[in-house]
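Data first, discussion second: the structure below is written as structure tokens.
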Amino acid sequence: MSVQRRLLPNISALAAFEAVARLGSFTAAAQELDLTQGAVSRQIKLLEDQFGRRLFERDSRNVRLSTSGEIYAEAVRSALGQLRDAALGLMSNRHSGMLNLAILPTFGTRWLMPMIPDFVENNPDITINFVTRVGRFDFARERLDAAIHYGLPDWPEADSTLLVRETVAPVVSPEFLAGRAIASPADIGRLPLLHMATRPGAWTEWFEHQGLSAPTGPGMQFEQFGTAAQACMAGLGVALLPLILIAGELQRGQLVPAPGQPMQSRSAYYLVVPHDKRGHPPVASFRDWLLDQVARQI
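Here you go:
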């Protein structure tokens with residue numbers, strides 16, 4: 001067997017290996033793959049003979065990955081995942097492109113998603129797959145083409161295109177405001193403050209913007225702006241929220257501004273595209289469409 005052939009194992013054997021590694025059982029793997037247990041065992045033995053390595057440690061009751069098997073299993077899962085994604089792309093959109101896009105949870109659902117039907121209508125040959133990501137990640141490892149990112153335009157090996165800047169302001173529920181004497185920004189410092197885990201210094205920055213010292217007491221912490229907005233509407237305290245994300249709640253009167261000047265955040269929202277995806281047609285089409293949407297809102 002040539003070296004090249006030896007390094008390209010049978011796909012059925014790989015599927016059997018991945019199933020046993022994931023399920024920890026030859027019997028369960030056989031049921032999932034609709035094979036006999038003997039057939040699964042033969043596929044595993046085929047791989048072990050091909051590589052000259054034991055992939056599993058077996059005893060009378062249990063089966064577990066060997067050290068070599070653990071290393072190989074991670075690579076096989078990734079490779080099979082890429083093959084499945086490629087097959088899905090061919091089957092669902094044969095003559096067009098696919099865009100794998102990372103979005104921020106609240107910004108993606110509240111700001112971007114209402115506009116997406118327009119993109120779909122005007123780009124029927126492009127399919128967008130959405131995943132949620134917060135913070136930086138490895139585009140190649142995640143198999144993503146672009147991302148909506150909040151931060152600074154300093155993502156390594158990528159182009160960052162400004163979408164919108166963010167203005168934050170303290171907000172409360174009408175009931176919360178009516179039941180308390182809140183006449184100035186200084187009064188806010190004596191109230192329960194709702195904090196965002198992703199913006200640990202936001203309140204400090206806002207109080208400094210008002211010419212005040214920030215309070216040092218603890219407060220409830222939230223991971224997503226949507227949850228913080230719900231807590232604020234429930235009367236749990238004052239939240240410092242991006243106005244672009246709570247436009248609906250403000251319009252409906254579910255949230256109202258608290259005293260104090262709004263503040264523009266140092267960071268902003270960007271479309272980030274890795275350098276090796278700049279020429280990918282679906283990415284270019286999405287970027288042009290997105291910038292046109294932004295221009296219409298200004």
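If you're matching positions, the sequence shown starts at 1 in full-length UniProt numbering and goes up one per residue.
Virtual Cβ for every residue (Gly too), placed ideally from N, Cα, C.
All figures in this text were calculated on a predicted structure; none of them were measured in a lab.
Judging by CA-CA distance, which residue of the options is the nearest neighbour of residue i?
i, options, result
"His209", "Thr216, Pro185, Val120, Ala231", "Pro185"
"Met196", "Ala214, Gln31, Phe222", "Phe222"
"Gly151", "Arg143, Glu142, Ala158, Arg136", "Arg136"
"Val164", "Leu8, Leu243, Gly248", "Leu243"
"Arg84", "Ala15, Pro105, Ala28, Asp138", "Ala15"
"Gly217", "Gln224, Thr198, Gly189, Phe207", "Gly189"
"Pro170", "Pro257, Ser78, Leu99, Thr127", "Pro257"
"Arg278", "Ala158, Ala178, Pro174, Ile182", "Ala158"
"Glu166", "Pro282, Leu80, Ser265, Arg252", "Ser265"
"Ala183", "Asp34, Gln261, Leu144", "Gln261"
"Thr67", "Ala295, Arg53, Arg61", "Arg53"
"Met98", "Ser285, Gln293, Asp276, Asp292", "Ser285"
"Arg287", "Phe207, Ile126, Ala140", "Ile126"
"Gly248", "Thr109, Arg22, Pro200", "Thr109"
"Pro174", "Pro281, Gln50, Gln254, Asp292", "Gln254"
"Lys45", "Leu33, Asn10, Asp292, Ile116", "Asn10"
"Arg199", "Asp292, Ser267, Glu48", "Ser267"
"Gly69", "Phe17, Gln297, Glu142", "Phe17"
"Val40", "Asp49, Ala13, Arg61, Asp292", "Ala13"
What would DSSP say about residue i, mapped onto helix, strand or coil?
i, result
"Pro282", "helix"
"Asp34", "coil"
"Gly253", "coil"
"Asn10", "coil"
"Ala29", "helix"
"Pro259", "coil"
"Val272", "strand"
"Gly24", "coil"
"Phe226", "The amino acid at residue 226 is misidentified as Phe; the sequence shows Gly. Three-state result, Gly226: helix."
"Pro117", "helix"
Assuming residue i and residue j are in contact, meaning their beta carbons sit under 8 Å apart, how far apart are those beta carbons, in whole angstroms?
i, j, result
"Leu65", "Ala73", "6 Å"
"Val283", "Ala140", "With a Cβ gap of about 15 Å, Val283 and Ala140 do not count as contacting."
Excluding the 5 residues flanking residue i on each side, which residues of the same chain have their C-beta closer than 7 Å to its C-beta?
i, result
"Leu194", "Gly219, Met220, Phe222, Ala228, Ala231, Cys232, Leu236, Gly237, Val238, Ala239"
"Thr204", "Ala214"
"Leu112", "Ile103, Ile148"
"Trp155", "Arg136, His149, Val272"
"Gln224", "Pro105, Thr106"
Here's a check: name, in chain order, each residue in its chain whose Cβ is nearer than 8 Å to the Cβ of residue i, leaving out the five neighbours to either side.
i, result
"Pro192", "Gly219, Met220, Leu236, Gly237, Val238"
"Val63", "Val20, Gly24, Ser25, Phe26, Phe56, Glu57"
"Val294", "Leu163, Val164"
Please give the ranges of any alpha helix (DSSP H) in the stretch 41-107, keeping only runs that are unbroken, at least 4 residues long and fully inside the region. 67-92
4 or more residues per run - each alpha helix (DSSP H) lying fully within the stretch 153-208: 174-178, 185-188
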